[in-house]
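Peer 1:
Chains as they are written, first to last, in full-length UniProt numbering: chain B, 1 to 474; chain Z, 1 to 474.
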């Protein structure tokens, strides 16, 4: 990569390659929004934002970048949480936004697939599926603005991974421009194709370091017709893990959501949100929000009531309620969804996006709580999240009287403690959000040299000039 | 790779590295079974068969091979259909059998995972899951002898892919020895881990060309408690595709098997198998065997009866029956499972393991039938298979009076016709069985130079000396 930055001639050629209205220069007032991550945590500089409207334009851009050694930063909806979509501060990296490639190309309901441009928002993708009587199951808080290409590149998760998998599992094929500017048409809609290496899943989750995804074949599913939602007070986290196994057994694997909530977080939500109230009569240290969906109605509620009743008899569950209406369902979901916001109202927080094997979640919660409270008396752990996938957002609210900045200065120290426990349990320090620039150095501590070596060898083989999203992931 | 073959010193060092009783020389009468594929279609020669009993022994072997440029051929249960597990005829390639690494290492029912050695048979894996009240869903005809390492390396499929995916989808993590002899411990049991490239799925389906898989974390599922099996006569293949969509919709995606059978194959089965009889009263050109499974009983049969009844009313289905007992279920399955054998009794056959998008199966069947009968009057197409995955075994039985060898001499000509149609419909010339040596040349016609270029770049980066399963896949 050319560290001194692209020449005026290179920038001019790149702008031409992006086509009419395809380039924004630093004097454009529209440029700012590409340079800062939405929470303001990551900033960058760029000499040029390119907005190609076709795969051929993307290829022309990448060929010039390859020839001139110009670093490219692919950007989708700019909703990523680890800085992967933001250029560095050198002002030498060119942003390639996919936002003008935003069409649903084709929908094939009988093959349960859809081909979409990388710049389609997740919501557009969901809506196109729904209007064809199908479900595209991936759902995220940012779905109105995040784009499919970014969702694939970061292998995004969300609340339905337990049932349907992460984005990497939901993509059958890709179209991408490789680091040498070649277009790879891998838009296969096949369920079975044993003809070589799985390049689709290699590019998925690669955070734009192996090429620019321009289109994708995504899997569709039957739309569920029946949904039952339960909120339960638990004996302890071990009871949560066992209840999940029972519900999966009773339903035949139809649990779509299984989220744990600590009493500490539950209390914050009740305190800060008007109208939020405890739907149960039995206080507890731990709660779960569980949802089960099916194609056929009539048996789901009975199954759930029976399973919860047995779990109460066996002492796993202390109390439970089932939503009786869509309003009640929304109220139960709000108890989970308002956790982050409630925590924000309580002062500064230090966050962890970690996963461990589901069976190790109880040990993780105990060990991590003990360790952080020993290191910082008064700190308030507010763990919650996708226990069904082993993915816990082990967040810490500041001690009540502490200075917020003094607390935040302990971010790395707290991360080190929690991530060490995660590693000892065979877990991951980035379950959902990726590496980007945020965890690029830290990952070297937790991933083996062997694995990093393989990743670097692949990167060097496909992108010898290091032009694709330089400084991210590796 | 050293084409002149390993020296006596190298062979001796390799034998030592394999540990006590870990090496078989050409003078051993046990050697023969490693050198021939079970149908006798692929033969090879070797100076040495190694049977290491630990990952460390495998690593020691690969380090010596890397140093000396010795080609290694990993072998599992030797059940592959494309020659990937058989050395070439040069006598220079050393076989590494994983058969002595055959333990189930750990089972974690609450994480729904199991760690198994690469040399475990598929059946051992299924049984270990079942004895922990879980399902390992992959099922193949060869499950008593095929081994997990081979099943992963070939990304094997089978009859439950529609519901649970292929082997690549069923593996969460791997342990493997890389071509430089390093051990990669990627035995992660995590559902969510966004920390870099997906090496697990890169090695899965790589046919042993990127390393030797020694262990795997496989996914487990709840055991279904209810199963309903239907056999239906259809209006035409389009009706099959539409019926599948209706059953998936009605069941919420719980169809586990959906196999199409042509009348030509059905008749062969009825003719050649004593006791086989048509369970329906309405003859048809096309039939399907469909199975739906669920965790809860009591609603599944009603759902299936209603869906089939509606399909009869709408003219998609001409007649249908549901199994009333396990005996009846077995009889319906036999109609499908005896197809290959029935075809064998009818003379020579030319086979195709192809897939197209599910929605394109009707067009494929029509075009392929027209084309082969135009090219060879009297040829009898006997298409059947996993229509739910778009994977059709488009087999051809010889014209009745034709000389079998004269018919088989047309194998490549028939393949060219059928594969050309498959390619025009966006399909794959190897849906399940892989490339191996059988389709290594042909794949160059059907895969883009761009994609082959990426595959070769990855291969060269990870195995610069080309010692891992030389001459296979690429």
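Even for Gly, the Cβ is constructed at its ideal location relative to N, Cα and C. Owing to the predicted nature of the structure, the values given are computational and were not obtained by experimental measurement.
When the cut-off is 8 Å and only beta carbons count, does residue 472 of chain Z lie next to chain B?
Peer 2: For residue 472 of chain Z, the answer is no, since every Cβ of chain B falls outside 8 Å of its Cβ.
Peer 1: Compute the Euclidean distance between the alpha carbons of residue 95 of chain B and residue 51 of chain B, then round it to the nearest angstrom.
Peer 2: The alpha-carbon atoms of residue 95 of chain B and residue 51 of chain B are separated by roughly 8 Å.
Peer 1: For residue 459 of chain B versus residue 436 of chain B, is the C-beta distance shorter than 8 Å?
Peer 2: No, Cβ-Cβ distance for residue 459 of chain B and residue 436 of chain B is not below 8 Å.
Peer 1: Could you give the DSSP three-state label for residue 194 of chain B: helix, strand or coil?
Peer 2: Here residue 194 of chain B sits in coil by DSSP.
Peer 1: Which residue's Cα is closest to the Cα of residue 79 of chain B: B/146, B/56, B/104 and B/132?
Peer 2: Closest option to residue 79 of chain B, Cα to Cα, is B/146.
Peer 1: With 8 Å as the C-beta to C-beta threshold (strictly closer), list the residues of the segment 290-315 of chain Z near chain B in chain order.
Peer 2: From the segment 290-315 of chain Z, only 293, 294, 295, 296, 298, 299 and 303 have a Cβ closer than 8 Å to chain B.
Peer 1: Run down chain Z in chain order and give the residues with a C-beta less than 9 Å from the C-beta of residue 447 of chain B.
Peer 2: Near residue 447 of chain B (Cβ distances below 9 Å), the residues of chain Z are 195 and 196.
Peer 1: Suppose you measure from the CA of residue 400 of chain B to the CA of residue 409 of chain B; what does that come to, to the nearest Å?
Peer 2: Going from the Cα of residue 400 of chain B to the Cα of residue 409 of chain B covers about 16 Å.
Peer 1: Output the boundary residues of the beta strand (DSSP E) element that contains residue 233 of chain Z.
Peer 2: Segment 226-234, the beta strand (DSSP E) holding residue 233 of chain Z.
Peer 1: How long is the line joining the alpha carbons of residue 396 of chain Z and residue 349 of chain Z, rounded to whole angstroms?
Peer 2: Taking the straight line joining both Cα atoms gives about 5 Å.
Peer 1: I need the straight-line Cα distance from residue 326 of chain B to residue 236 of chain B, nearest angstrom please.
Peer 2: Straight-line Cα distance between these residues: approximately 28 Å.
Peer 1: Which residue marks the beginning of the alpha helix (DSSP H) containing residue 216 of chain B, and which one marks its end?
Peer 2: First-last for residue 216 of chain B: 212-219, but that is the beta strand (DSSP E), not the alpha helix (DSSP H).
Peer 1: Can you list the residues of chain Z that residue 275 of chain B reaches, using a CB-CB cut of under 8 Å?
Peer 2: The contacting residues do not exist; residue 275 of chain B stays about 32 Å from chain Z at best.
Peer 1: Give me the chain Z residues within the contact set of residue 184 of chain B, using Cβ-Cβ distance strictly less than 8 Å, ordered along the chain.
Peer 2: Residues of chain Z passing the Cβ test: 448, 450, 451 and 454.
Peer 1: Could you name the residues of the same chain whose beta carbon sits closer than 7 Å to that of residue 1 of chain B, not counting the 5 residues immediately before and after it, in chain order?
Peer 2: Residue placement at residue 1 of chain B is flagged as unreliable, the pLDDT there being 47, under the threshold of 50; the coordinate-derived value follows with that caveat. Cβ neighbours of residue 1 of chain B beyond the five flanking positions: 69, 71, 465, 466, 467 and 470.
Peer 1: From what residue to what residue does the alpha helix (DSSP H) around residue 291 of chain B run?
Peer 2: Residue 291 of chain B -> not in any alpha helix (DSSP H); beta strand (DSSP E) instead, spanning 286-294.
Peer 1: Taking the straight line between their C-alpha atoms, what separation do you get for residue 316 of chain B and residue 192 of chain Z?
Peer 2: About 26 Å.
Peer 1: So what does residue 385 of chain B bridge to, in DSSP terms?
Peer 2: Its beta-bridge partners are B/260 and B/392.
Peer 1: Using a Cβ cut-off of 8 Å, which residues of the segment 107-121 of chain Z contact any Cβ in chain A, in chain order?
Peer 2: Of the chains in the structure shown, none is chain A; the protein chains are B and Z.
Peer 1: Cα-Cα, which of B/37, B/67, B/103 and B/430 is closest to residue 75 of chain B?
Peer 2: If we check each option's Cα against that of residue 75 of chain B, B/37 comes out closest.
Peer 1: Have a look at the DSSP bridge pairing and note the partners of residue 183 of chain Z.
Peer 2: Per DSSP, Z/177.
Peer 1: Taking the continuous alpha helix (DSSP H) assigned at residue 366 of chain Z, which residues delimit it?
Peer 2: Counting along the chain, the alpha helix (DSSP H) containing residue 366 of chain Z begins and ends at 361-375.
Peer 1: Could you give the DSSP three-state label for residue 419 of chain B: helix, strand or coil?
Peer 2: Residue state, collapsed to three classes: helix.
Peer 1: In angstroms with no decimal places, state the Cα-to-Cα distance between residue 290 of chain B and residue 440 of chain B.
Peer 2: Those two C-alpha atoms are separated by around 34 Å.
Peer 1: Can you list, in chain order, the residues of its chain whose CB lies under 6 Å from that of residue 273 of chain Z, leaving out five sequence neighbours each side?
Peer 2: Taken in chain order, the residues that qualify are 338.
Peer 1: Going by DSSP, name the residue or residues bridged to residue 321 of chain Z.
Peer 2: DSSP, once it has assigned bridges, lists Z/231 as partnering residue 321 of chain Z.
Peer 1: I'd like to know whether the C-beta of residue 319 of chain B is nearer than 8 Å to at least one C-beta of chain Z.
Peer 2: Not an interface residue.
Peer 1: Of the residues Z/419, Z/426, Z/33 and Z/415, which one's Cα is nearest the Cα of residue 359 of chain Z?
Peer 2: Among Z/419, Z/426, Z/33 and Z/415, the Cα nearest to that of residue 359 of chain Z is on Z/426.
Peer 1: Can you tell me whether residue 1 of chain Z is helix, strand or coil according to DSSP?
Peer 2: Residue confidence for residue 1 of chain Z is low, a pLDDT of 47 falling below 50, so the modelled location carries little weight; the figure read from the coordinates is stated next. The answer is coil: DSSP assigns residue 1 of chain Z none of H, G, I, E or B.
Peer 1: Which same chain residues, not among the five before or five after residue 207 of chain Z, have their C-beta less than 7 Å away from its C-beta?
Peer 2: Counting only Cβ-Cβ distances below 7 Å, and skipping sequence neighbours, we find 84, 153, 154, 434, 435, 436, 469, 472 and 473.
Peer 1: Please list, in chain order, the residues of the segment 133-162 of chain B that have any C-beta partner in chain Z closer than 8 Å.
Peer 2: The segment 133-162 of chain B vs chain Z, Cβ under 8 Å: 133, 154, 155, 157, 161 and 162.
Peer 1: Could you tell me whether the Cβ of residue 432 of chain Z comes closer than 8 Å to any Cβ of chain B?
Peer 2: Residue 432 of chain Z counts as touching chain B.
Peer 1: Of all Cβ atoms in chain Z, is any one closer than 8 Å to the Cβ of residue 407 of chain B?
Peer 2: For residue 407 of chain B, the answer is no, since every Cβ of chain Z falls outside 8 Å of its Cβ.
Peer 1: Taking residue 448 of chain Z as the reference, give the member of B/185, B/376 and B/372 with the closest Cα.
Peer 2: When only C-alpha atoms are compared, the closest one is B/185.
Peer 1: For the beta strand (DSSP E) holding residue 104 of chain B, just list the boundary residues, first then last.
Peer 2: Unbroken beta strand (DSSP E) run through residue 104 of chain B: 104-108.
Peer 1: Compare the C-beta of residue 85 of chain Z with all C-beta atoms of chain B and state if any pair is closer than 8 Å.
Peer 2: Cβ-Cβ to chain B under 8 Å: no for residue 85 of chain Z.
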